[in-house]
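**Student:** Residue numbers (our numbering): 42 to 401. Think of the CB as a built atom: it goes at the ideal place given N, C-alpha and C, for glycine as much as any other residue. All figures in this text were calculated on a predicted structure; none of them were measured in a lab. Quick one: the structure is below, questions incoming.
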Amino acid sequence: MRTPLTRRNVLFGLGALTVGVAAAKYLSKDALSPLLSQDLHSLKSSSNARVVWHPSYGMPWYSNGEKFIFEMLVPMTIGAHPVNILRYAALSDELLQQGIITKQDVELLRLIDPAILGEFHTPKYLQKVKRLAENPALSLINRDNPINKGLYDFYLAATEGTYIAAKIALEKGNALNLSGGFHHAFKDHEAGFCFFNDVAGAIIRLRKQNVVNKVLIVDLDVHHGNGNASYFQEGTNTCIFDMYQGDIYPSEKIPVEHQIVLEAGETDRGYLSKLESLSDVVSSFRPDMAFYLAGADPFEGDKLGGLDLTKKGLRCRDDFVLRLFQERNIPVAVTLAGGYSDLEDLVDINRGTVESVLAT
């Protein structure tokens with residue numbers, strides 16, 4: 042049932058419109074970060090590259106003709122959407138301005154060939170997503186999972202990005218996709234703002250190439266990774282360590298081999314203490330490589346989570362996980378996963394994750 046047109050929802054729509062205007066200003070020619078404003082296609086693969094990026098990460102996800110749908114109609118039907126469209130552009134800008142990365146650190150990727158998606162998603166589902174992307178007005182039937190051509194390209198890029206990060210990690214020890222971690226996507230349907238399961242796809246593709254066998258997924262997004270769990274049950278040579286808040290989305294959980302269910306209000310000390318059990322999991326499973334979903338949403342200011350971790354606590358989390366794999370010579374591919382706090386806080390947290398990756 043659709044939400045009725047009320048003053049509150051109109052205000053939500055106007056708020057979304059303001060974000061859209063801010064995005065356009067932020068991404069204007071003069072406001073673009075050095076990485077985005079240069080000829081991106083002039084970037085070449087670098088022997089130093091451990092950060093994966095695509096232009097669609099930082100550009101507006103809708104055309105002028107689609108503004109009404111994505112800035113007005115969507116907020117009126119579901120309320121203000123929690124996904125911040127400025128997230129990746131603001132992060133790349135921060136990383137470059139602070140000198141945390143240079144263009145030599147960046148691997149520019151291409152969109153995944155849509156045919157490859159058939160290795161880990163059903164044909165019927167892929168046809169549905171493509172149809173919705175080509176007809177954005179139909180996205181309203183998807184409620185909190187609207188999509189258009191811009192978003193479709195973003196998901197194609199981010200899905201390839203996690204695979205490329207994994208390939209780089211196998212060579213250099215670790216690498217990070219400046220997006221990804223779509224752990225709610227199932228083989229046959231989207232969920233939780235996730236359309237294509239990039240981590241599952243990367244694992245399946247690498248296995249097909251006989252590059253890896255035993256893989257560990259460390260999911261530290263505040264939400265349970267039900268999509269990942271649906272792909273990999275016991276006996277698949279994929280072990281999932283999932284530490285999440287139990288009383289929030291998704292309502293139906295899929296059991297995984299190692300799960301730690303947290304209560305709302307968990308603080309740094311308790312969280313980091315529970316996380317130490319990951320060391321025993323790594324020792325017993327002995328993976329060929331790992332995928333780390335470094336969600337920013339355990340943060341105390343997150344709008345969709347209820348944990349009370351500080352930025353310092355999240356940085357300690359990232360350092361612990363990455364050093365654990367470094368000390369055992371286990372390659373790890375990192376994705377940013379979820380995060381729904383204010384933009385400044387979100388960029389700070391994600392910047393810390395990037396710094397942790399580059400420091401190990």
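How long is the line joining the alpha carbons of E385 and K352, rounded to whole angstroms?
**Tutor:** E385 and K352: Cα-Cα distance of roughly 12 Å.
**Student:** Who does I301 pair with in a DSSP beta bridge?
**Tutor:** Bridge partners of I301: M284.
**Student:** How should D338 be labelled, buried or exposed, when 16 other C-beta atoms within 10 angstroms of its C-beta is the threshold for buried?
**Tutor:** It is buried - the Cβ of D338 has at least 16 other Cβ atoms within 10 Å.
**Student:** Per DSSP, V375 is paired with what?
**Tutor:** Note: V375 sits in a beta bridge opposite L217, Y333.
**Student:** If D262 and G222 are in contact, beta carbons under 8 Å, what's the gap, nearest whole angstrom?
**Tutor:** The Cβ separation is near 7 Å, so the contact holds.
**Student:** What does the alpha-carbon distance come out to for the pair G268 and Q138?
**Tutor:** Taking the straight line from one Cα to the other gives about 36 Å.
**Student:** Going by alpha carbons, who is nearest to E201 out of L192, K171, D154?
**Tutor:** When only C-alpha atoms are compared, the closest one is D154.
**Student:** Residues in its own chain within less than 6 Å of V388 by CB, not counting five upstream and five downstream?
**Tutor:** So the list reads A131, L132, E135, once near-sequence residues are dropped.
**Student:** Who does A232 pair with in a DSSP beta bridge?
**Tutor:** Note: A232 sits in a beta bridge opposite C235.
**Student:** Apply the 10 Å Cβ neighbour rule to V302 and answer buried if 16 or more other Cβ atoms are within range, or exposed otherwise.
**Tutor:** Exposed is the call here.
**Student:** Spatial neighbours of Y381 within its chain, please: CB distance less than 7 Å, with the 5 preceding and 5 following residues excluded, ordered by chain position.
**Tutor:** Cβ neighbours of Y381 beyond the five flanking positions: P123, D338, D343, K344, L345.
**Student:** Inspect the beta-carbon positions of F366 and K255 and report whether they are closer than 9 Å.
**Tutor:** Their beta carbons are not under 9 Å apart, which means F366 does not touch K255 by this criterion.
**Student:** Okay, do the stretch 304-312 and the stretch 226-236 touch, 3+ Cβ pairs below 8 Å being the bar?
**Tutor:** Touching, no, given that fewer than three Cβ pairs across the two stretches are closer than 8 Å.
**Student:** So is the beta-carbon of I188 under 8 Å away from any non-hydrogen atom of the ligand SAH?
**Tutor:** Among the components of this structure there are no ligands whatsoever, and the ligand SAH is therefore not found.
**Student:** Cutting at 7 Å between CB atoms, please list the residues of its own chain near L152, excluding the five before and the five after it.
**Tutor:** So the qualifying residues of the chain are D194, L197, A198, E201.
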